[in-house]
Structures are given as C-alpha cells and as structure tokens.
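According to numbering that gives the first Met the number 0, the sequence shown is numbered sequentially starting from 0. Note that the Cβ used here is the ideal one computed from N, Cα and C, for glycine as well.
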Amino acid sequence: MGKFIKAGRVVVMLQGRYAGKKAIVVKTFDDGSKARPFGHALVAGVDRAPLKVTRRMSKKKITKRTKVKPFVKYCNFNHIMPTRYQVPAEIAPGSMVTDQQMDTADGRVEAKKMVKSLLQEKFVAPPADKTGRPSKDVLYLRKKLRF
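What follows is the structure, given as structure tokens:
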C-alpha cells in the first residue's frame with residue numbers, strides 16, 4: 000500500500016486535546032525516531048477557526064473575527080485521519096515548522112506565530128486553483144468541523 004500521509008495533506012485529529020481539529024502534515028516520520036519509536040507526523044493545525052464575516056461589519060470586528068489560533072505538535076499516525084484535501088504548493092508546508100523549533104518552548108511559540116500569520120493570510124485571500132476559483136482545500140481547512 001502506498002504512503003498517502005505526506006507533507007501538505009490535510010488531516011483530522013482523532014485523539015487528545017485537539018480531537019476533531021483540522022491540521023496540515025508538515026513532516027512525516029514513517030519509521031519513527033529515537034524519541035518516538037513509532038510512525039508519526041509533525042502537524043500544524045487550526046485550534047480555533049475564523050468566524051463568518053459579512054460586509055456590514057466594521058473593520059475592527061472583521062479583524063477580531065478573522066483571528067486564528069494555531070497549534071503545532073507531533074502526532075501518531077493512528078491518531079490522525081487523512082482527508083482527500085492537499086494544500087496548494089505555494090503554502091509550502093515543509094517550511095512552516097522545523098524539528099529544531101519543536102525542541103524548545105520558545106521555538107514552539109515562534110512556530111505557532113509563523114503558522115498563525117500564514118494561515119490568517121491564506122484564509123483572508125485563498126490561493127486560486129486551476130479554474131481561478133479559491134482553493135477548496137484551504138476553504139475546507141478554514142471551516143470548523145461539525146460533528
């Protein structure tokens with residue numbers, strides 16, 4: 000069977016604090032590592048999704064409602080469910096978070112800030128797909144999962 004959990008794949012977290020939240024796979028460790036001897040992935044996701052915005056809202060209210068709360072973590076393959084969506088290459092999931100950032104608390108805070116700025120920018124103006132419409136993958140990632 001081929002490996003379908005690759006960098007850029009949108010996944011749904013199944014276990015733990017972020018269960019039901021959507022995330023992007025940044026890097027995979029198919030054979031595990033010394034610290035984690037099982038197949039796992041580094042993911043960056045959306046803890047709190049942006050709210051709906053209408054034209055009547057003030058600029059202040061729009062900026063408040065479009066804020067995103069991100070998370071970054073290592074996750075076992077058993078605890079994530081891949082979706083059919085894959086983020087566009089221009090988002091560059093490989094450069095979102097590095098292993099060195101995940102080693103320290105300050106690095107994780109820095110990584111979250113980077114992910115937050117990237118996601119907010121892409122959620123406001125989603126990249127276009129081949130037909131010129133906003134990318135369905137980014138729109139899916141932006142919506143809160145209803146379950």
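How should Pro36 be labelled, buried or exposed, when 16 other C-beta atoms within 10 angstroms of its C-beta is the threshold for buried?
The residue in question, Pro36, is exposed, as its Cβ has fewer than 16 Cβ neighbours within 10 Å.
List the endpoints of the continuous beta strand (DSSP E) containing Ala40.
Residues 39 to 47.
Could you tell me the alpha carbon to alpha carbon distance between Ala40 and Thr65, rounded to whole angstroms?
Distance between the alpha carbons of Ala40 and Thr65: 28 Å.
Are the segment 21 to 37 and the segment 52 to 68 in contact at 8 Å, needing three or more beta carbon pairs?
The segment 21 to 37, when compared against the segment 52 to 68, does not touch it at the 8 Å Cβ threshold.
With DSSP as the reference, label Phe3 as helix, strand or coil.
The answer is coil: DSSP assigns Phe3 none of H, G, I, E or B.
When DSSP labels each residue in this structure, what does Arg83 get in the three-state scheme?
If DSSP states are grouped into helix, strand and coil, Arg83 belongs with the strands.
Taking all protein chains shown into account, do 16 or more other C-beta atoms lie within 10 angstroms of the C-beta of Val123, making it buried, or fewer, making it exposed?
With fewer than 16 other Cβ atoms within 10 Å, it is exposed.
Thinking C-alpha only, which one of Ala6, Val9, Val71 is nearest Arg16?
Per the Cα distances, Val71.
Mark Leu140 as exposed unless 16 or more other C-beta atoms lie within 10 angstroms of its C-beta, in which case mark it buried.
It counts as buried.
Less than 8 Å between C-beta atoms, sequence neighbours within five positions excluded: which residues of the same chain meet that for Met0?
Legend: pLDDT at Met0 = 44, less than 50; position of this residue unreliable, no value from coordinates given.
Could you give the residue range of the beta strand (DSSP E) that holds Val24?
Taken as a continuous stretch (DSSP letters only), the beta strand (DSSP E) holding Val24 covers 21 to 28.
Determine the burial state of Ala91: buried for a count of at least 16 other Cβ atoms within 10 Å of its Cβ, exposed for fewer.
By the neighbour-count rule (16 or more Cβ atoms within 10 Å), Ala91 is not buried but exposed.
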